[in-house]
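Asks: Quick one: this structure, given as structure tokens, is what I'll be asking you about.
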Amino acid sequence: MLKQVKTKALECPTCEQPYQPTDEICPHCRNEIIIGLEMTATEQAQLIEQLRERHEKNESDKDVTKELGRLLYNEAMRLRYDNPSESLALFEEVVELLPLHWEARLKVSWLSIRFTKNERAVEVLLPVVQSEETTDLQKQRAYTNLSCAENWKEKDANYEEAEKWARMGIALDGEGTAKLWENLATALKN
Numbered sequence: 014m015l016k017q018v019k020t021k022a023l024e025c026p027t028c029e030q031p032y033q034p035t036d037e038i039c040p041h042c043r044n045e046i047i048i049g050l051e052m053t054a055t056e057q058a059q060l061i062e063q064l065r066e067r068h069e070k071n072e073s074d075k076d077v078t079k080e081l082g083r084l085l086y087n088e089a090m091r092l093r094y095d096n097p098s099e100s101l102a103l104f105e106e107v108v109e110l111l112p113l114h115w116e117a118r119l120k121v122s123w124l125s126i127r128f129t130k131n132e133r134a135v136e137v138l139l140p141v142v143q144s145e146e147t148t149d150l151q152k153q154r155a156y157t158n159l160s161c162a163e164n165w166k167e168k169d170a171n172y173e174e175a176e177k178w179a180r181m182g183i184a185l186d187g188e189g190t191a192k193l194w195e196n197l198a199t200a201l202k203n
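All residue numbers for the sequence shown refer to the numbering used here, where the first residue is 14 and numbers rise by one.
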């Protein structure tokens with residue numbers, strides 16, 4: 014497979030949360046900390062296409078599916094600021110390949126909220142908040158995105174749902190985040 018390179022970064026490349034340099038597993042998203050892959054963008058694109066072809070021929074090969082999902086996620090993370098629509102499409106592909114990839118679901122929801130008027134935000138996030146495998150931080154981020162999605166609907170914002178999701182996010186640790194409180198205030202104001 015691929016040669017993995019680990020460096021001394023202080024931000025998880027998967028969930029973008031801080032971690033200690035001695036950590037091998039991120040305490041927030043529980044993913045292995047892999048900082049980069051030794052390949053050019055062209056080599057990565059070629060490998061993605063090869064893995065897509067192998068996956069189409071044999072969808073039951075879990076190793077190919079997992080590796081393809083990892084490469085697509087890395088590519089989507091690389092593109093998320095320069096090309097958000099392409100990044101969203103790649104994150105959605107990761108969610109289809111690996112339905113339990115919680116970080117990809119969080120990215121799909123946020124990009125959906127910001128760029129496609131909440132088309133899939135709620136349906137993508139419900140499994141995150143309902144799962145017992147997600148961390149409290151992932152759930153709190155999902156509740157934040159859910160309340161944003163309900164507050165920011167273009168035509169028919171559902172402020173009662175936004176309030177419900179914000180309160181659930183705050184209840185996770187009793188403090189919440191500034192964004193959860195902001196979403197709660199917006200919902201109560203309207």
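Positions of the beta carbon are idealized from the N, C-alpha and C atoms, including for glycine. As the structure is a prediction and not an experimental result, all values here were calculated from the model.
Leaving aside the five residues before and after W115 along the sequence, list all residues of the same chain whose C-beta is less than 6 Å from its C-beta, in chain order.
Replies: The residues are V141, T147, Q151.
Asks: Looking only at its own chain, which residues have a Cβ that is under 8 Å from the Cβ of E72, when we skip the five neighbours before and after it?
Replies: Excluding residues within five positions, the ones whose Cβ falls inside 8 Å are T78.
Asks: Considering only their Cβ atoms, is the gap separating Y86 from A117 smaller than 8 Å?
Replies: It is a contact, given that the beta carbons lie within the stated cut-off.
Asks: Where E105 and S125 are concerned, what is the direct C-alpha to C-alpha distance, given to the nearest angstrom?
Replies: Their backbone Cα atoms lie some 10 Å apart in a straight line.
Asks: Please report how far the alpha carbon of K19 lies from the alpha carbon of D74, in whole angstroms.
Replies: Unreliable positioning characterises K19 in this predicted model, as indicated by a pLDDT of 47, which lies under 50. The coordinate reading is nonetheless provided below. When rounded, the distance between both Cα atoms is 27 Å.
Asks: Looking only at C-alpha atoms, which of P31, Q30, E45 sits nearest to E37?
Replies: Comparing Cα positions, the closest option is E45.
Asks: For C161, which option in E188, V137, T199 has the closest C-alpha, if you only look at C-alpha atoms?
Replies: Among E188, V137, T199, the Cα nearest to that of C161 belongs to T199.
Asks: Among the candidates R65, K70, F128, whose CA atom is the shortest distance from the CA of V107?
Replies: Taking only the C-alpha atoms, the option nearest V107 is R65.
Asks: Tell me whether K120 is buried or exposed, calling it buried when 16 or more other Cβ atoms sit within 10 Å of its Cβ.
Replies: Result: buried.
Asks: Which value, in whole angstroms, describes the spacing of the CA atoms of E167 and T129?
Replies: Roughly 10 Å separates the two Cα atoms.
Asks: Give me the Cα-Cα distance between A22 and M52, rounded to the nearest whole angstrom.
Replies: A caution first: A22 carries a pLDDT of 47, below 50, which makes its placement in the model unreliable, though a value can still be read off. Straight-line Cα distance between these residues: approximately 19 Å.
Asks: In this structure, does DSSP put I183 in helix, strand or coil?
Replies: The answer is helix: DSSP assigns I183 an H, G or I state.
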